[in-house]
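What follows is a single structure, written as structure tokens, with notes after it.
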Amino acid sequence: MNFVVCDDDLRFAERFAHRVRDLCAEHNWECCCQCVDGRALLEMDFSAIDALFLDIEMPGINGLDIASQLRSKYENLILVFVTGFIEYAPSGYKVQAFRYLLKTKVDQELPECLEDMHQKLHADRESISLKTPEGKICVRLSSVVYLEGTHKRCTLAHLDQMGKPACIQCSGTLSSYASQLDHKGFLKIQRSYLVNMRYIEKISNYKVFLKTKEILTMSRLRFNENRQKFLLWKTEHL
Numbered sequence: 002m003n004f005v006v007c008d009d010d011l012r013f014a015e016r017f018a019h020r021v022r023d024l025c026a027e028h029n030w031e032c033c034c035q036c037v038d039g040r041a042l043l044e045m046d047f048s049a050i051d052a053l054f055l056d057i058e059m060p061g062i063n064g065l066d067i068a069s070q071l072r073s074k075y076e077n078l079i080l081v082f083v084t085g086f087i088e089y090a091p092s093g094y095k096v097q098a099f100r101y102l103l104k105t106k107v108d109q110e111l112p113e114c115l116e117d118m119h120q121k122l123h124a125d126r127e128s129i130s131l132k133t134p135e136g137k138i139c140v141r142l143s144s145v146v147y148l149e150g151t152h153k154r155c156t157l158a159h160l161d162q163m164g165k166p167a168c169i170q171c172s173g174t175l176s177s178y179a180s181q182l183d184h185k186g187f188l189k190i191q192r193s194y195l196v197n198m199r200y201i202e203k204i205s206n207y208k209v210f211l212k213t214k215e216i217l218t219m220s221r222l223r224f225n226e227n228r229q230k231f232l233l234w235k236t237e238h239l
């Protein structure tokens, strides 16, 4: 796991990074944790970074603004705010913060945070195997938005490495792919669509509103059951 720590208090940042390394070592997890100055963050390439531990109030820099800019470029980057000010907690949800750690409670809260993070990263790296005209390929489940099936062909809508919408044509029935995705956070909204719940913004009036701005129609027969499944999933993944 690759982590970055950013705090204007360099001594705190180094102690925090040391604690992260120690906790990962206890679990035999490979870990690289580096400390970076706030002004250098926006110049960094985070494509290979799993998580950023970020202070909010730093001289001349607003951690929330930095987080917002990074989120727009790196959708899958895990953001954890580490600060002494509890009043900023609600603002973290705007940038989809994974966790909010108070500096006074780091020793108590960091172990659970890292365990949950490791579980999330493991899940995010799971993939689905597709049969395409070019051969068999694997696509990360975390990037799959939905699968649309017609007869023995499917279209997989996903986000590419730059976070832009893209489609892959593949052979096989929707049912065959559904078996790969069982218990993986996907919802069959109608006979032809299987949707990744992480990309659902809301479900309303037999419509599924996606974070990609697409709107799909849900089967009336499945509506109540699927809405309950989505609400339960959303509660478990807050």
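Just so you know, the sequence shown maps onto residues 2 to 239 in the working numbering.
Here a beta-carbon is modelled for each residue, glycine too, at the ideal position from N, C-alpha and C.
Q | Spatially closest choice to residue 218 from 103, 5, 188, by CA coordinates | A | 188
Q: Thinking residue 172 and residue 153 are a contact (beta carbons under 8 Å), I'd like their distance in whole angstroms, please.
A: 6 Å
Q.
With a threshold of 8 Å, are at least 3 pairs of Cβ atoms found where one atom belongs to the segment 25-41 and the other to the segment 68-84?
A. With a cut-off of 8 Å, the segment 68-84 and the segment 25-41 do not count as touching, because too few Cβ pairs lie within range.
Q: Could you spell out the range, first to last residue, of the alpha helix (DSSP H) harbouring residue 26?
A: 11-27
**Q.** Simplified DSSP assignment, three categories, for residue 178
**A.** Look at residue 178 here: in three-state DSSP terms it is helix.
Q: Would you kindly report the start and end of the unbroken beta strand (DSSP E) that includes residue 3?
A: 3-7
**Q.** With 16 other Cβ atoms within 10 Å as the buried cut-off, status of residue 227
**A.** buried
Q) Going along the chain, which residues of its own chain have a beta-carbon closer than 7 Å to the beta-carbon of residue 122, five neighbours each way excluded? A) 2, 51
Q: Count the other C-beta atoms from every protein chain shown that fall within 10 angstroms of the C-beta of residue 184, then say buried if there are 16 or more, exposed otherwise.
A: Its Cβ having fewer than 16 others within 10 Å, residue 184 is exposed.
**Q.** Neighbourhood of residue 132 by C-beta, 8 Å cutoff - its chain only, sequence neighbours within 5 removed
**A.** 171, 172, 173
Q: With a 10 Å radius around its C-beta and 16 neighbouring C-beta atoms as the bar for buried, classify residue 26 as buried or exposed.
A: Of the other Cβ atoms in all chains shown, fewer than 16 fall within 10 Å of the Cβ of residue 26; this residue is therefore exposed.
Q) First and last residue of the alpha helix (DSSP H) that includes residue 112? A) 107-125
Q: Give every residue of the same chain whose Cβ lies closer than 6 Å to the Cβ of residue 215, excluding the five residues on either side of it in the sequence, and list them in chain order.
A: none
**Q.** Environment of residue 17 [buried if 16+ CB atoms lie within 10 Å]
**A.** By the C-beta density criterion, residue 17 is buried, having at least 16 other C-beta atoms within 10 angstroms.
**Q.** Cβ neighbour criterion (16 or more within 10 Å) applied to residue 130
**A.** In the assembly as shown, residue 130 is an exposed residue. Its beta-carbon has fewer than 16 other beta-carbons within 10 Å.
Q) Nearest to residue 120 by CA position, among 60, 99, 108, 73, is which residue? A) 99
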